[in-house]
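*Asks:* Take a look at this one; I'll ask things after.
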Amino acid sequence: MKRILSGLTVALIATVGALALSLPVDSLINRGRVERLSNLAIAPTAAGAPEVLALVAAPPGEGPFPAVIMIHEFWGLREQILGKAQALAAEGYVVVAPDTFRGQTTNWLPQAIRQSATTPQAQINTDLDAVFAWLSTQPAVDPRRIAVMGFCYGGRAALRFSLHNDRLAATGIFYGSSLITDPEVLRRLPGPVLGIFGTADRMIPLTEVRAFEEALTSAGIPHAIHLFEGQGHAFVTSIEGIRAGGAQGLAWDEFLGFLEVTLAR
Numbered sequence: 001m002k003r004i005l006s007g008l009t010v011a012l013i014a015t016v017g018a019l020a021l022s023l024p025v026d027s028l029i030n031r032g033r034v035e036r037l038s039n040l041a042i043a044p045t046a047a048g049a050p051e052v053l054a055l056v057a058a059p060p061g062e063g064p065f066p067a068v069i070m071i072h073e074f075w076g077l078r079e080q081i082l083g084k085a086q087a088l089a090a091e092g093y094v095v096v097a098p099d100t101f102r103g104q105t106t107n108w109l110p111q112a113i114r115q116s117a118t119t120p121q122a123q124i125n126t127d128l129d130a131v132f133a134w135l136s137t138q139p140a141v142d143p144r145r146i147a148v149m150g151f152c153y154g155g156r157a158a159l160r161f162s163l164h165n166d167r168l169a170a171t172g173i174f175y176g177s178s179l180i181t182d183p184e185v186l187r188r189l190p191g192p193v194l195g196i197f198g199t200a201d202r203m204i205p206l207t208e209v210r211a212f213e214e215a216l217t218s219a220g221i222p223h224a225i226h227l228f229e230g231q232g233h234a235f236v237t238s239i240e241g242i243r244a245g246g247a248q249g250l251a252w253d254e255f256l257g258f259l260e261v262t263l264a265r
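Quick note, the sequence shown lines up with residues 1 to 265 if you use our numbering.
Here is the structure:
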């Protein structure tokens, strides 16, 4: 038994060590990826904060257009967000997808978990404040029609940023975790809320989604919660998946319909 326990201990130490070494290696592999994807550096609005790198997509014409702040998943700013931002811009919205991990992005799950777990909401709010301020001053943007939305980690961040910024017109949440279920807190939301969730999501129990929906009702916040049968977490993967139809396409259509109503002139 002692020999077995000793072997397990050695294996565990080796696994932890390999994992610890993999994180800086992953950071090195992905160095410069955010810079290559982004096409704008937004000046900070808070003292000591860095510039916010962002990907911006806009429709042709002078506007003023409604705008959407699109927050990435816990992977960070990646090519999948670029496709969604460009597709949304084609629908007539100025889209800004900021890098909320300040230069970090990954395809490696342990790194994604580390990124999301070590990025405080206060820092996210600081960076999104700069994004909102930039959008509000653009001649092509109607500052009264700016929404925030996000996927996974980004959905969680979007909900909390809406509680921080009372000038937002609407909030879209694609399977954001750690849902807030206190009506007194949710009463501070400045506009309607859309929630997209899968019934087979192991990260977000249906009981939590139902409690969130009930709290929104109690708080008097206009909302629409859509449950997609049999879908797990993060089921809206890419613009290619959206265009293929199925649950991804239906979820995206719900989002477009939500924006059409909430960001109408």
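Note that CB positions come from ideal geometry on N, CA and C, so glycine has one too.
(1) Ignoring anything shorter than 4 residues, give me the alpha helix (DSSP H) runs that lie fully in the region 138 to 172, in order along the chain.
(2) When the distance is taken between beta carbons, is F74 closer than 8 Å to Q123?
(3) Find the nearest neighbour of R243 within the set P44, M149 and K84, judged by alpha-carbon distance.
(4) Do L186 and L206 have their beta-carbon atoms positioned less than 8 Å apart in this structure?
(5) Give a yes or no on whether the C-beta atoms belonging to A147 and A130 are separated by under 8 Å.
(6) For L55, count the other beta carbons within 10 Å of its own beta carbon; 16 or more makes it buried, fewer makes it exposed. Which is it?
(7) Determine the burial state of L259: buried for a count of at least 16 other Cβ atoms within 10 Å of its Cβ, exposed for fewer.
(8) So, do the region 166 to 181 and the region 102 to 116 have three or more beta carbon pairs nearer to each other than 8 Å?
(9) Cβ of L179 within 8 Å of Cβ of E208?
(10) Report the three-state DSSP secondary structure of L189 (helix, strand or coil).
(11) Measure the C-alpha to C-alpha separation of A87 and I239 and round it to an integer number of angstroms.
(12) With a cut-off of 8 Å on the beta carbons, I'd call G198 and I173 a contact; round off their distance for me.
(13) Buried or exposed for G195, please, with buried defined as at least 16 other CB atoms from any protein chain shown within 10 angstroms of its CB.
(14) Only counting the same chain, and skipping five residues up and downstream in sequence, which positions put a Cβ closer than 6 Å to that of A49?
(15) Against chain B, with Cβ distances strictly below 8 Å, would S218 count as a contact?
(16) Quick one: what does DSSP say G220 is sitting in, helix, strand or coil?
(17) Can you grab the Cα-Cα spacing for the pair M70 / A200, in whole Å?
(18) Taking its Cβ as the centre, do 16 or more other Cβ atoms sit within 10 Å of G230, making it buried, or is it exposed?
(19) Does D253 pass the burial test, meaning 16 or more other C-beta atoms within 10 Å, or should it be called exposed?
(20) Would you kindly work out how many angstroms separate the C-alpha atoms of P59 and L128, rounded to a whole number?
(21) Given this structure, state the Cα-to-Cα distance separating T45 from A133, to the nearest angstrom.
(22) Can you list the beta strand (DSSP E) stretches of 3 or more residues lying completely in the region 190 to 255, in chain order?
(23) Are the Cβ atoms of V52 and T105 separated by less than 8 Å?
*Replies:* Straight from the coordinates:
(1) You should have 153 to 164.
(2) For the purposes of this step, residue 123 is taken as the residue at position 123 of the sequence shown. For the purposes of this step, residue 74 is taken as the residue at position 74 of the sequence shown. No. Outside cutoff.
(3) The residue labelled residue 243 in the question sits at position 243 within the sequence shown. Ranked by Cα distance from R243, the options P44, M149 and K84 are led by K84.
(4) Taking the sequence shown and counting its residues from 1, the one referred to as residue 206 is at position 206. Taking the sequence shown and counting its residues from 1, the one referred to as residue 186 is at position 186. No, Cβ-Cβ distance for L206 and L186 is not below 8 Å.
(5) As a first step, residue 147 is located in the sequence shown; it is residue number 147 there, counting from the start. As a first step, residue 130 is located in the sequence shown; it is residue number 130 there, counting from the start. Not in contact: A147 and A130 (Cβ atoms no closer than 8 Å).
(6) Numbered from 1 along the sequence shown, position 55 holds the residue referred to as residue 55. L55 comes out buried.
(7) For the purposes of this step, residue 259 is taken as the residue at position 259 of the sequence shown. With 16 or more other Cβ atoms within 10 Å, it is buried.
(8) Short answer: they don't touch.
(9) The residue you call residue 179 lines up with position 179 of the sequence shown. The residue you call residue 208 lines up with position 208 of the sequence shown. One thing to note: L179 has its Cβ within 8 Å of the Cβ of E208.
(10) As a first step, residue 189 is located in the sequence shown; it is residue number 189 there, counting from the start. L189: coil per DSSP, three-state reduction.
(11) Residue 87 sits at position 87 when you count from the first residue of the sequence shown. Residue 239 sits at position 239 when you count from the first residue of the sequence shown. If I take the Cα positions, the gap works out to 7 Å.
(12) Working through the sequence shown from its first residue, we reach residue 198 at position 198. Working through the sequence shown from its first residue, we reach residue 173 at position 173. The beta-carbon separation of G198 and I173, rounded to 13 Å, does not stay under the 8 Å limit for a contact.
(13) Sequence index remark: in the sequence shown, residue 195 carries index 195 (1-based). When all chains shown are included, G195 counts as buried.
(14) Taking the sequence shown and counting its residues from 1, the one referred to as residue 49 is at position 49. Around A49, the same chain offers T126 as residues with beta carbons nearer than 6 Å, after the five sequence neighbours per side are excluded.
(15) No chain B appears in the structure shown, which is made up of a single protein chain.
(16) Taking the first residue of the sequence shown as position 1, residue 220 is located at position 220. Of the three classes helix, strand and coil, the one that applies to G220 here is coil, per DSSP.
(17) Along the sequence shown, read from residue 1 onward, the residue named residue 70 stands at position 70. Along the sequence shown, read from residue 1 onward, the residue named residue 200 stands at position 200. Cα to Cα, the separation comes out at about 24 Å.
(18) Looking up residue 230 in the sequence shown gives position 230. Only exposed fits G230, as fewer than 16 other CB atoms lie within 10 angstroms of its CB.
(19) Residue numbering aside, residue 253 sits at position 253 when the sequence shown is read from its first letter. With fewer than 16 other Cβ atoms within 10 Å, it is exposed.
(20) Sequence index remark: in the sequence shown, residue 59 carries index 59 (1-based). Sequence index remark: in the sequence shown, residue 128 carries index 128 (1-based). Spanning the two alpha carbons is a distance of roughly 22 Å.
(21) As a first step, residue 45 is located in the sequence shown; it is residue number 45 there, counting from the start. As a first step, residue 133 is located in the sequence shown; it is residue number 133 there, counting from the start. Going from the Cα of T45 to the Cα of A133 covers about 8 Å.
(22) Under the rule that a run must span 3 or more residues, the beta strand (DSSP E) segments found entirely inside the region 190 to 255 read 193 to 198 and 223 to 228.
(23) For this step, residue 52 is matched to residue 52 along the sequence shown. For this step, residue 105 is matched to residue 105 along the sequence shown. Cβ distance not < 8 Å, so V52 and T105 don't count as in contact.
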